[in-house]
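Undergrad: First to last, the protein sequences are chains P and Z.
For reference, each letter of the first sequence is one residue, going 58 to 394 in this note's numbering.
For reference, each letter of the second sequence is one residue, going 58 to 394 in this note's numbering.
Just so you know, even glycine gets a beta-carbon here, dropped at the ideal spot from N, CA and C.
Model, not experiment: these values are computed from the prediction.
First the structure, then my questions, so here it is.
Number of protein chains: 2
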Amino acid sequence: MKKLTIKDIAKEFNVSISTVSKALNDSYEISESTKEKIQKYAKEKNYKPNFNALSLKNRSTKTIGVILPTMLNYFFAQVFKGIEKTALKEGYKVITCISNQSYDKEQEIIEMLSNGSIDGFLLSTAKETELNNKYDHFKDSIDNGTPIVMFDRVAQSIICDKVITDDFEGAANTVEFLYKKGHKKIAFISTISDLQIGKQRLQGYKQGLEKVGLSFDENLVLNIIEKDYKKYKNKVRPFIKSNDIDAVITTGESVAVSTMKALKKSGKKIPKDVAVIAFSNGILARHSSPKMTTISQHGEIMGETAAQILINKLEKKHTEITTKIIKTDLVIRDSTR
Amino acid sequence: MKKLTIKDIAKEFNVSISTVSKALNDSYEISESTKEKIQKYAKEKNYKPNFNALSLKNRSTKTIGVILPTMLNYFFAQVFKGIEKTALKEGYKVITCISNQSYDKEQEIIEMLSNGSIDGFLLSTAKETELNNKYDHFKDSIDNGTPIVMFDRVAQSIICDKVITDDFEGAANTVEFLYKKGHKKIAFISTISDLQIGKQRLQGYKQGLEKVGLSFDENLVLNIIEKDYKKYKNKVRPFIKSNDIDAVITTGESVAVSTMKALKKSGKKIPKDVAVIAFSNGILARHSSPKMTTISQHGEIMGETAAQILINKLEKKHTEITTKIIKTDLVIRDSTR
DNA sequence: GTGAAAGCGCTAACAG
DNA sequence: CTGTTAGCGCTTTCAC
């Protein structure tokens, strides 16, 4: 029942605990024969050095704290997958907490884990945190020697490693793609106009228009503040009716689905009359009809990258501060020609 | 930089470390004045007792190990949400690992965490584990004093606390519901016929038929082994063509979407000609057209329940072994009349 | 080649 | 009311 300790093994062979410790760590100080028998015994009995004792001694837990705004989102679930995979590969465990987009929760989590539970944080900021521009909790953590790597939703004002999606380029390239297909009246529908990434996407959209020589028309931009996806249609329908558009870029899948429904309802064919492209994590896009062309985000790679950066930092493999940009890919399905 | 310890505080006030320890724990042995100044100082300096030292001393980590087959699945993400919420509420942290449906991975994870990292496991078995009926790693863990609570995909042969969905009743009630709406030719499409929960759902379907007096026709059951959802339609279309059905129950959302597409393609109206109901986690169902009626699974409640059972067990609040069944709910949307 | 002892940060029994 | 000490499980320096 009780777990086997170095002490028990020492007793078993009538040697000191330091001999056992050294034998298990294959020290040159210990004779081959002693090492062999001790190692064999330890293996047989499935001995494992106690995690907390090691952490205490080494002042390092080989554990990463992950803070996500939510897990009920395919993108973040993918990021998590990448983090977990990379962490495990590198011998790290992952303590995962959900901020639920709340600043208070986020800061409680940081407090809770700042007691030697973890070696560093991997996080995407809560919406509330971003809206209120309250980043002191991050700063405190870094100042206290617990490094942070931020991903996707990052805090501009905090100096730390970051991994972000290429939202700007993604949007710009999409406009260009649509233009080349002959689209001239390209709308932009955003449900995250208040977030930094939303602003980036809008900027990219504008940049794309400029590049191909289309003029920006603010009537072709719809910002939906409403957070309940069921109500998207109340905004989308009139928007579509009152504008003569031939393409739509949306910031998410859910609103793209609403948009496609609204388009169909108003007698438009997709993609014949109107093309639809969404920033997307993939799950709805692949099941919609028609299947959606998406600006695909590579959450898993983002997670892997962020985890690797943090681990390298923890193991002092590099110390400079970087911002890594993960490219988006246009995945062409059936909602574009 | 370096974290404040009890020792530092002791030095600050020229008292012993035990005085500090007791003061911080509000011991009756310490004078009010001493307690006050020490507590005040600790608070100011944001002192936090070292997690690893505490765990080592108490032989308890207040940490739960969670093993999920995948996180890229709305249901499991919901379960995770429930676990995380309950754990945090009870002062527990959560180390989360993904088995990716692999037995080897699952058992590595258990090995890795069985060194005093965690107090207990919360897990849903990997598919491979279930198919091969290899459950020794679970048994070992329990025998070694690390309790396990299983949820959703549980191992019949392992004696431990379990939380499961009411798959049997869910399917049976659905048949009854359809029958009352006038459906007589009710098909059953499964993509998990090899899993225990799949068998339960099929049994429930049969039970439902029996109850309402319809005879079981094995031609109305389609088992899809193919795991790529893109290929579902290859099986679903001929199945639909060769059978004259007026309702379909599926084991998942994804295949329900394929089924609805196939039905529409063959000229059937949903729900007028054929009703569709899926066991579901909700995300696709809410965005399909028509919106899908579902046998809804309450992942979050399952997670909360499982976590609470484990924590109660760890804190010795109860010791008997239970299996808790979470009811399903029929959520009626537009794919049924 | 092996062992004694200190120390990681904390608690608690015991002494004063 | 405060302090000394042992001990949680392990590593590591220093003796022998």
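1) Should Z:Gln264 and Z:Ala304 be called a contact, given that it needs their Cβ atoms to be closer than 7 Å?
2) Which bits of chain P does Z:Pro204 rub up against, with CB to CB less than 7 Å?
3) For the beta strand (DSSP E) holding P:Phe336, just list the boundary residues, first then last.
4) Buried or exposed for P:Ser156, please, with buried defined as at least 16 other CB atoms from any protein chain shown within 10 angstroms of its CB.
5) Step through the CB atoms of chain P and report whether any lies within less than 7 Å of the CB of Z:Lys150.
6) Relative to the C-alpha of P:Gly202, which residue among P:Asp386, P:Ser392, P:Lys370 is closest?
7) Assess, as a yes-or-no matter, whether the segment 383-391 of chain P is touched by the segment 349-369 of chain P under the definition of 3 or more beta carbon pairs within less than 8 Å.
8) Quick one: any contact between the segment 152-170 of chain Z and the segment 113-133 of chain Z, if contact means 3 or more CB pairs under 8 Å?
9) What runs of the beta strand (DSSP E), each 3 residues or longer, lie entirely inside the segment 118-192 of chain P?
10) Exposed or buried, what is Z:Arg258 when buried is set at 16 or more other beta-carbons lying within 10 Å of its beta-carbon?
11) Please name the residue or residues paired with P:Phe395 in a DSSP beta bridge.
12) Which partner residues of P:Leu387 appear in the DSSP bridge assignment?
13) What residue range does the beta strand (DSSP E) around P:Asp224 cover?
14) Could you tell me whether any Cβ in chain P is nearer than 7 Å to the Cβ of Z:Val305?
15) So that I know if they touch, is there some Cβ in chain Z lying closer than 7 Å to that of P:Gly173?
16) Less than 7 Å between the beta carbons of P:Leu113 and Z:Leu113, yes or no?
17) Compute the Euclidean distance between the alpha carbons of P:Thr62 and Z:Leu266, then round it to the nearest angstrom.
18) Could you check how far apart the C-beta atoms of Z:Asp176 and Z:Thr120 are, in whole angstroms? I think they sit under 8 Å.
19) Whose C-alpha, out of Z:Asn189, Z:Ile221, Z:Asn172, Z:Glu147, is nearest the C-alpha of Z:Asp161?
20) Tell me, which residues are paired with P:Met207 by DSSP?
21) Could you say which of P:Ile216, P:Thr231, P:Val293, P:Tyr98 lies nearest to P:Phe336 if we only look at CA atoms?
22) Strictly below 7 Å CB to CB, what residues from chain Z border P:Leu113?
23) Measure the alpha-carbon distance for Z:Ile95 versus Z:Glu69 and round it to whole angstroms.
24) Run through chain Z and tell me which residues come within less than 7 Å of P:Ala134, C-beta to C-beta.
25) Determine the closest residue to Z:Asn109 out of Z:Ser78, Z:Ser117, Z:Asn103, with distance taken between C-alpha atoms.
26) When you compare the CB positions of P:Ala332 and P:Ile297, do they come within less than 7 Å of one another, or not?
27) So, does the CB of P:Leu367 fall closer than 7 Å to a CB anywhere in chain Z?
28) What are the residues that DSSP puts in a beta bridge with P:Lys79?
29) Ends of the alpha helix (DSSP H) at P:Asn115?
30) Would the beta-carbon of P:Leu277 fall within 7 Å of that of P:Ala244?
31) Contact check, P:Ile140 vs P:Leu179 under 8 Å by CB: the rounded distance?
32) Return the CA-CA distance between Z:Lys326 and Z:Met349, expressed in angstroms with no decimal places.
33) Looking at the secondary structure, which residues open and close the alpha helix (DSSP H) in which Z:Val269 lies?
34) Does P:Lys138 get closer than 7 Å to chain Z when you measure Cβ to Cβ?
35) Go ahead and label P:Ser181 buried or exposed: buried means 16 or more other beta carbons lie within 10 angstroms of its beta carbon, across all protein chains shown.
36) Tell me, please, whether the CB atom of P:Leu371 is closer than 7 Å to any CB atom in chain Z?
TA: Straight from the coordinates:
1) Looking up residue 264 of chain Z in the second sequence gives position 207. Looking up residue 304 of chain Z in the second sequence gives position 247. Going by C-beta atoms, Z:Gln264 is not nearer than 7 Å to Z:Ala304.
2) Within the second sequence, the letter at position 147 stands for residue 204 of chain Z. Correct list: empty, because the minimum Cβ distance to chain P is about 12 Å.
3) Counting from one through the first sequence, the residue named residue 336 of chain P turns up at place 279. Element bounds for P:Phe336: 332-337.
4) Along the first sequence, read from residue 1 onward, the residue named residue 156 of chain P stands at position 99. Buried.
5) Reading the second sequence from its first residue, position 93 is the one you call residue 150 of chain Z. Cβ-Cβ to chain P under 7 Å: yes for Z:Lys150.
6) Here residue 202 of chain P corresponds to residue number 145 of the first sequence, with the count starting at 1. When each option's Cα is compared against that of P:Gly202, the closest is P:Lys370.
7) yes
8) Contact between the segment 152-170 of chain Z and the segment 113-133 of chain Z is present: 3 or more CB-CB pairs across the two stretches fall below 8 Å.
9) 120-125, 150-155, 177-180
10) For the purposes of this step, residue 258 of chain Z is identified with residue 201 of the second sequence, where counting begins at 1. Z:Arg258 counts as buried, since no fewer than 16 other beta carbons sit within 10 angstroms of its beta carbon.
11) In the structure as shown, chain P begins at 58 and stops at 394. Residue 395 of chain P is therefore absent and cannot be evaluated.
12) Against the first sequence, residue 387 of chain P aligns to sequence position 330. Beta-bridge analysis with DSSP links P:Leu387 to P:Ile352.
13) By 1-based counting over the first sequence, the position of residue 224 of chain P is 167. That residue, P:Asp224, is in no beta strand (DSSP E); its alpha helix (DSSP H) goes 224-237.
14) Sequence index remark: in the second sequence, residue 305 of chain Z carries index 248 (1-based). It does not; no Cβ of chain P falls within 7 Å.
15) For the purposes of this step, residue 173 of chain P is taken as the residue at position 116 of the first sequence. So, interface residue.
16) Within the first sequence, the letter at position 56 stands for residue 113 of chain P. Within the second sequence, the letter at position 56 stands for residue 113 of chain Z. In this structure, the beta-carbon distance from P:Leu113 to Z:Leu113 falls below 7 Å.
17) Along the first sequence, one-based indexing puts residue 62 of chain P at 5. Along the second sequence, one-based indexing puts residue 266 of chain Z at 209. When rounded, the distance between both Cα atoms is 58 Å.
18) Within the second sequence, residue 176 of chain Z is the residue found at index 119, counting from 1. Within the second sequence, residue 120 of chain Z is the residue found at index 63, counting from 1. With 8 Å as the limit, Z:Asp176 and Z:Thr120 qualify as a contact, their Cβ atoms being about 6 Å apart.
19) In the second sequence, residue 161 of chain Z corresponds to position 104, counting from 1. Looking at the Cα atoms, Z:Asn189 is the closest of the given residues.
20) Residue mapping note: residue 207 of chain P aligns to position 150 of the first sequence, counting from 1. P:Leu180, P:Lys219.
21) For this step, residue 336 of chain P is matched to residue 279 along the first sequence. P:Phe336 has its Cα closest to that of P:Thr231, out of P:Ile216, P:Thr231, P:Val293, P:Tyr98.
22) Position 56 of the first sequence, counting from 1, holds the residue named residue 113 of chain P. Ordered by position in chain Z, the residues that pass the 7 Å Cβ test against P:Leu113 are Asn109, Ala110, Leu113.
23) In the second sequence, the residue the question calls residue 95 of chain Z occupies position 38. In the second sequence, the residue the question calls residue 69 of chain Z occupies position 12. Rounded to whole angstroms, Z:Ile95 to Z:Glu69 spans 9 Å at the Cα level.
24) As a first step, residue 134 of chain P is located in the first sequence; it is residue number 77 there, counting from the start. Within chain Z, the residues near P:Ala134 are Met128, Leu129, Ala134.
25) Here the question's residue 109 of chain Z lines up with position 52 in the second sequence. Per the Cα distances, Z:Ser117.
26) As a first step, residue 332 of chain P is located in the first sequence; it is residue number 275 there, counting from the start. As a first step, residue 297 of chain P is located in the first sequence; it is residue number 240 there, counting from the start. In this structure, P:Ala332 sits away from P:Ile297, with a CB-CB distance that is not shorter than 7 Å.
27) Mapped onto the first sequence, residue 367 of chain P falls at position 310. Taking Cβ atoms only, chain Z never reaches closer than 7 Å to P:Leu367, which makes this a no.
28) Within the first sequence, residue 79 of chain P is the residue found at index 22, counting from 1. DSSP links P:Lys79 through a beta bridge to no other residue.
29) Taking the first residue of the first sequence as 1, we reach residue 115 of chain P at position 58. Start and end: 108-115.
30) Taking the first sequence and counting its residues from 1, one reaches residue 277 of chain P at position 220. Taking the first sequence and counting its residues from 1, one reaches residue 244 of chain P at position 187. Cβ distance < 7 Å, so P:Leu277 and P:Ala244 count as in contact.
31) For the purposes of this step, residue 140 of chain P is identified with residue 83 of the first sequence, where counting begins at 1. For the purposes of this step, residue 179 of chain P is identified with residue 122 of the first sequence, where counting begins at 1. About 6 Å; that satisfies the 8 Å criterion.
32) To locate residue 326 of chain Z, count along the second sequence from 1; it is residue 269. To locate residue 349 of chain Z, count along the second sequence from 1; it is residue 292. Their Cα atoms are separated by approximately 14 Å.
33) As a position in the second sequence, residue 269 of chain Z is number 212, starting the count at 1. Where Z:Val269 is concerned, the enclosing alpha helix (DSSP H) stretches over 253-269.
34) Here residue 138 of chain P is taken as the residue at index 81 of the first sequence, counted from 1. For P:Lys138, the answer is yes, since a Cβ of chain Z falls inside 7 Å of its Cβ.
35) Reading the first sequence from its first residue, position 124 is the one you call residue 181 of chain P. So P:Ser181 ends up on the buried side.
36) The sequence position of residue 371 of chain P within the first sequence is 314, counting from 1. Chain Z contact via Cβ: absent.
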